[in-house]
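**Q** Quick one: the structure is below, and I'll ask about it shortly.
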Amino acid sequence: MVLADTPHAAEDGAEAVKIEYEPLQPVVSLDTALVENAPTVHEGTANNVLLDVVGPEDPEFEEVFEQAPVVVGATFDSGRQSAAPMEMRACLAEWDAREDTLVLHTSTQVPYVVRTAVSDVLGIPQQRLRVIAPDVGGGFGQKCVVGREEVLVPIAAQRTGRPVKWAEDRQENLTAAFHGREQRYEARAAFDEEGRILALKADVLCDVGAYSCYPFTCGVEPLMAATEMPGPYRLPRYWYRTRAVTTNKAPMAPYRGVSRPQFTFVMERLMQKAAKRVGIDAVEIRRRNLISAEEFPYESQTGVVYDPGSYLESLEKCAEVMDARGWERAREDAHREGRLIGLGFCSFAERTGYGTRAFALRKMAVTPGGDNARLRMDPSGHVTVSVGTCGHGQGHQTTLAQIAADELGISPDHITVRQGDTESTPYGWGTFASRSAVIGGGATKKAAALLAERVKEVASHMLEAAPGDLSIADGKVFVNGSPDRFVTVAKAARAVHVEPHLLPEGEFGTLDANAGFDPPGTFSNATHGAVVEIDPETGAVRIDRYVVVEDCGVVINPMIVDGQVRGGVAQGIASALYEQLVYDDEGQPVTSTLIDYSIPTTMEIPPVEIFLETPCEFSETGAKGMGEGGTIGAPGAIANAVADALSHLGIEVDRLPITPDRLWAAIKESRAHGGVRS
Ligand code: MCN
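The numbering used here runs 105 ahead of the 1-based position in the sequence shown.
Structural data, given as structure tokens:
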């Protein structure tokens, strides 16, 4: 690490460092990592495999495949990606001599996790470390792990006694921050003659780069893939093997959706392949396999419990909106005109808001789970909500304020939400895994309910009525049935703080409440539908229509949910069509700028039509999480739409991203053997 007074001087200093490297043979792909006698990235790892988990043996499994009337399968690949947050990673550490405390400002999703990591490495007690996440310009998972810089910069500040700042540029972010999504699935599925799935077999390989990530470990992608791959389908038999493979590339960290965009793409492609073989349409095969209302709670083959959702309803609604019934005809007509159009669906489940019990199964060194909220009412009746979650673009200041306001009967404008500072917020795990609405929102609601009771207690003295006879709404505490007998919340708050003589002895001081929440988790569900048109001359894919039918339980704020879905779909489209980090054979990253690593712009993202459903209530707020759903559904929907457009040419779409050059080559080859029907 080179320290200097300006970034330019530091870069010059780094350039002046002469290192003599002895180049070894690099390991740059799953193929080269797994061949016999491959060089190893870490000594002592057999075949570069860091984690290898195999599902329980089922003696009848192979027999089911042998006897099944329909078996479909393929090798599916997905490209390596960067979460590419708009604001890249950065941190600044300084010693506060007065408090004898190290203050670390860092662009993170998880301030308390960073504090634990830095404290463990530096050997400083946690109370002498303050971690502040200011407004963070996006993270998408890349900032829910602790970067080496977040540890090195505090060490440098400690050694020099001066503030030390580090900020990466885009090239550093693309080449040296965390990556994700480079996976391969050897997947086969057996179906009966009516298209009902009988068994699924999946061998999953994840290229996790050179090092594990803290705290989620290099197991995060492979374990998520194995556990949740069956998705929203009733699956009687499932066998998996899942491996984390190390290579000389940047390490993997969770990226929005974590394996779910990939295995959902695989499952949805298998469904479409099977539908074609059985001779039913894309909607019908899903209709026959999705978990139905009477089966909830449904326990999967891997022991995951699905709470009630609207799997079939969201499929039907999406099919209706997309005019799926008239599709065959529309496609035939287009083919006659020489146009390649396709319709694709993708149904999936998104596990959200899961707490300690679910995370404990991953056997990490630290186990995330529940979260806490602390509410404090000031003498003017305004409330500060402090939470352990740490929004970084999801609008928590709005939604958590709404939750507290509903419970306290005051305006959301009178509520301030504080997050992202270990000094002023309760202990918590930050924001990732679509946990904040359910867990942070649940804790906020519980604490707000306790605070509302306290306010009623105070008002009961002022109104000379029993607390149980009081209600709280519109900024007032009033006697049930007598709306004219009330005191304002502000007056009650003022009495507690500055006019305690109006209250019985002992009723003075503060109005605050704390609560924690640690739920088992809940599944949102959605069906995405896409219509694409492919230019046969260039292989370019244009998305003509995109529809999302999402069910995330009670919607706290429709505009925020809408924005989350749109942003998620944009990142899913990126996985499907555009983004891929590429290394050359020597292990040099060749996609190190946004010219080479092609992220879609607004020009490539179609308007997304969204329909929301809210049929069930089950968590504290009735909400299910949804922050990753858009990203999860898009690759499967688009791949199926592209495959639908090309199915008459015998072209399969089993590799992401679906780039124009590959499609063009496939179309050309097909033409050479008969040509495009036009
Ligand atoms: N919400 C709601 N009603 C619901 C469910 C959610 O109004 N029924 C609101 C929530 O209150 C919250 C937002 O929608 O304001 C997302 O809620 P939730 O699904 O709980 O997800 P989190 O807030 O925990 O956010 C995490 C999720 C993840 S895992 C990634 S990755 C991601 C994402 O959110 N990264 C993002 N969205 C992002 N958005 C931005 N702008 N930047 C990122 O880095």
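Note that CB positions come from ideal geometry on N, CA and C, so glycine has one too. Only a predicted model underlies this, so the values are computations on that prediction, with no experimental measurement involved.
When DSSP labels each residue in this structure, what does Ser-783 get in the three-state scheme?
**A** Along the sequence shown, read from residue 1 onward, the residue named residue 783 stands at position 678. Its pLDDT being 33, under 50, Ser-783 is placed unreliably by the model, and nothing is read from it.
**Q** Tell me whether the beta-carbon of Asp-623 lies closer than 8 Å to the beta-carbon of Arg-479.
**A** Residue numbering aside, residue 623 sits at position 518 when the sequence shown is read from its first letter. Residue numbering aside, residue 479 sits at position 374 when the sequence shown is read from its first letter. No, they are not a contact pair.
**Q** Determine the contact status of Thr-213 and Lys-248, defining contact as a CB-CB distance below 8 Å.
**A** Taking the sequence shown and counting its residues from 1, one reaches residue 213 at position 108. Taking the sequence shown and counting its residues from 1, one reaches residue 248 at position 143. Yes. Within cutoff.
**Q** Quick one: does the C-beta of Lys-729 sit closer than 7 Å to a heavy atom of the ligand MCN?
**A** Here the question's residue 729 lines up with position 624 in the sequence shown. Yes.
**Q** How many angstroms separate the CA atom of Val-601 from the CA atom of Thr-726?
**A** Taking the first residue of the sequence shown as position 1, residue 601 is located at position 496. Taking the first residue of the sequence shown as position 1, residue 726 is located at position 621. Cα to Cα, Val-601 sits roughly 29 Å from Thr-726.
**Q** Would the beta-carbon of Ala-188 fall within 8 Å of that of Gly-246?
**A** Residue numbering aside, residue 188 sits at position 83 when the sequence shown is read from its first letter. Residue numbering aside, residue 246 sits at position 141 when the sequence shown is read from its first letter. Closer than 8 Å, so yes.
**Q** Relative to the ligand MCN, is the shortest distance from any of its heavy atoms to the C-beta of Val-687 smaller than 7 Å?
**A** Sequence index remark: in the sequence shown, residue 687 carries index 582 (1-based). No, since every heavy atom of the ligand MCN falls outside the 7 Å radius drawn around the Cβ of Val-687.
**Q** With a threshold of 7 Å (Cβ to nearest heavy atom), would Ser-680 be considered close to the ligand MCN?
**A** Numbered from 1 along the sequence shown, position 575 holds the residue referred to as residue 680. Ser-680 Cβ: outside cutoff for every heavy atom of the ligand MCN.
**Q** Nearer than 7 Å: is that true of the beta carbon of Pro-190 relative to any heavy atom of the ligand MCN?
**A** Locating residue 190 in the sequence shown gives position 85, counting from the first residue. Answer for Pro-190: yes, Cβ within range of the ligand MCN.
**Q** Cβ-heavy atom distance between Arg-361 and the ligand MCN below 7 Å?
**A** In the sequence shown, the residue the question calls residue 361 occupies position 256. Arg-361: yes, Cβ under 7 Å from the ligand MCN.
**Q** Between the stretch 532 to 543 and the stretch 566 to 575, do three or more beta carbon pairs fall short of 8 Å?
**A** no
**Q** Tell me the start and end of each unbroken alpha helix (DSSP H) in the stretch 646 to 732 that is at least 4 residues and wholly inside, in chain order.
**A** Qualifying alpha helix (DSSP H) stretches, in chain order: 663 to 678.
**Q** Below 8 Å between beta carbons: does that hold for Glu-334 and Ala-294?
**A** Residue mapping note: residue 334 aligns to position 229 of the sequence shown, counting from 1. Residue mapping note: residue 294 aligns to position 189 of the sequence shown, counting from 1. The sequence as given places Met at residue 334; Glu does not occur at that position. Taking 8 Å as the Cβ cut-off, Met-334 and Ala-294 do not qualify as a contacting pair.
**Q** Report the three-state DSSP secondary structure of Lys-551 (helix, strand or coil).
**A** For the purposes of this step, residue 551 is identified with residue 446 of the sequence shown, where counting begins at 1. Helix at Lys-551.
**Q** My understanding is that Tyr-416 touches Ser-364, with C-beta atoms under 8 Å, so please give their C-beta distance in whole angstroms.
**A** Counting from 1 along the sequence shown, the entry for residue 416 is found at position 311. Counting from 1 along the sequence shown, the entry for residue 364 is found at position 259. Between Ser-364 and Tyr-416 the Cβ distance is about 20 Å, and since that is not below 8 Å, they are no contact.
**Q** Measure the beta-carbon distance from Leu-303 to Ala-119 and round it to whole angstroms, keeping in mind my assumption that it falls under 8 Å.
**A** Working through the sequence shown from its first residue, we reach residue 303 at position 198. Working through the sequence shown from its first residue, we reach residue 119 at position 14. 58 Å between Cβ atoms; not a contact.
**Q** Report yes or no: do three or more beta-carbon pairs, one from the stretch 496 to 506 and one from the stretch 230 to 245, lie closer than 8 Å?
**A** They touch, by the three-pair rule.
**Q** Does DSSP classify Gln-130 as helix, strand or coil?
**A** For the purposes of this step, residue 130 is taken as residue 25 along the sequence shown, with counting starting at 1. Coil, per DSSP.
**Q** Is Val-154 closer than 8 Å to Val-350 when the C-beta atoms are compared?
**A** Stepping through the sequence shown from its first residue, residue 350 is reached at position 245. Stepping through the sequence shown from its first residue, residue 154 is reached at position 49. At the C-beta level, Val-350 and Val-154 come within 8 Å of one another.
**Q** If you count every other CB in all the chains shown that lies within 10 Å of the CB of His-113, and 16 or more means buried, which is it?
**A** Taking the sequence shown and counting its residues from 1, one reaches residue 113 at position 8. Answer is exposed; the Cβ neighbour count stays below 16.
**Q** Could you check which residue in Tyr-702, Thr-145 and Asp-274 has the C-alpha nearest to that of Cys-196?
**A** Within the sequence shown, numbered from 1, the residue matching residue 196 stands at position 91. Selected option, being the one with the closest Cα: Asp-274.
**Q** Is the beta carbon of Ile-845 sitting closer than 8 Å to the one on Val-637?
**A** For the chain, the structure presents residues 106 to 783; residue 845 sits outside this window and is missing.
**Q** Taking the C-alpha atoms as reference points, what is the distance between Arg-324 and Val-309?
**A** Locating residue 324 in the sequence shown gives position 219, counting from the first residue. Locating residue 309 in the sequence shown gives position 204, counting from the first residue. Here residue 324 turns out to be Gly, not Arg, going by the sequence shown. For Gly-324 and Val-309, the distance between alpha carbons rounds to 12 Å.
**Q** When the Cα atoms are used, what is the spatial distance from Thr-549 to Val-654?
**A** Within the sequence shown, the letter at position 444 stands for residue 549. Within the sequence shown, the letter at position 549 stands for residue 654. Roughly 28 Å separates the two Cα atoms.
**Q** If you count every other CB in all the chains shown that lies within 10 Å of the CB of Gln-377, and 16 or more means buried, which is it?
**A** Stepping through the sequence shown from its first residue, residue 377 is reached at position 272. Per the 10 Å Cβ criterion, buried.
**Q** Could you check if Ala-509 belongs to the surroundings of the ligand MCN, using beta carbon to heavy atom distance under 7 Å?
**A** One-based indexing of the sequence shown puts residue 509 at position 404. No heavy atom of the ligand MCN is found nearer than 7 Å to the CB of Ala-509.
**Q** Span of the beta strand (DSSP E) holding Thr-332?
**A** Here residue 332 is taken as the residue at index 227 of the sequence shown, counted from 1. Counting along the chain, Thr-332 falls outside any beta strand (DSSP E), though it belongs to the alpha helix (DSSP H) covering 325 to 333.
**Q** Leaving out five residues on either side along the sequence, give the residues of the same chain with a beta carbon under 6 Å from the beta carbon of Arg-391.
**A** In the sequence shown, residue 391 corresponds to position 286, counting from 1. Taken in chain order, the residues that qualify are Leu-420 and Ser-452.
**Q** Taking the continuous beta strand (DSSP E) assigned at Lys-306, which residues delimit it?
**A** If you number the sequence shown from 1, residue 306 lands on position 201. For Lys-306, the enclosing beta strand (DSSP E) covers residues 302 to 314.
**Q** Quick one: residues in its chain with C-beta nearer than 8 Å to the C-beta of Val-175, no 5 flanking neighbours on either side, listed in chain order?
**A** In the sequence shown, the residue the question calls residue 175 occupies position 70. Excluding residues within five positions, the ones whose Cβ falls inside 8 Å are Ala-295, Phe-296, Asp-297, Glu-298, Gly-300, Ala-379, Arg-382 and Val-383.
**Q** Just to confirm the assignment, what range does the beta strand (DSSP E) spanning Pro-271 have?
**A** The count along the sequence shown starts at 1 and reaches residue 271 at position 166. One detail in the question is off: residue 271 reads as Trp in this sequence, not Pro. Element bounds for Trp-271: 269 to 272.
**Q** Quick check on Glu-604: buried or exposed, where buried means 16 or more other Cβ atoms within 10 Å of its Cβ?
**A** For the purposes of this step, residue 604 is taken as the residue at position 499 of the sequence shown. The residue is exposed, with fewer than 16 neighbouring Cβ atoms inside 10 Å.
**Q** Given Thr-527, which residues of its chain have a CB within under 7 Å of its CB, disregarding the five upstream and five downstream residues?
**A** Residue 527 sits at position 422 when you count from the first residue of the sequence shown. If we look at Thr-527 and ignore the five residues flanking it on each side, its Cβ neighbours are Pro-216, Tyr-217, Arg-220, Arg-235 and Val-236.
**Q** Look up Glu-399 in the DSSP assignment and say whether it is helix, strand or coil.
**A** Numbered from 1 along the sequence shown, position 294 holds the residue referred to as residue 399. The answer is helix: DSSP assigns Glu-399 an H, G or I state.
**Q** In terms of residues, what are the limits of the beta strand (DSSP E) holding Arg-346?
**A** Position 241 of the sequence shown, counted from the start, is the residue given in the question as residue 346. Unbroken beta strand (DSSP E) run through Arg-346: 342 to 351.
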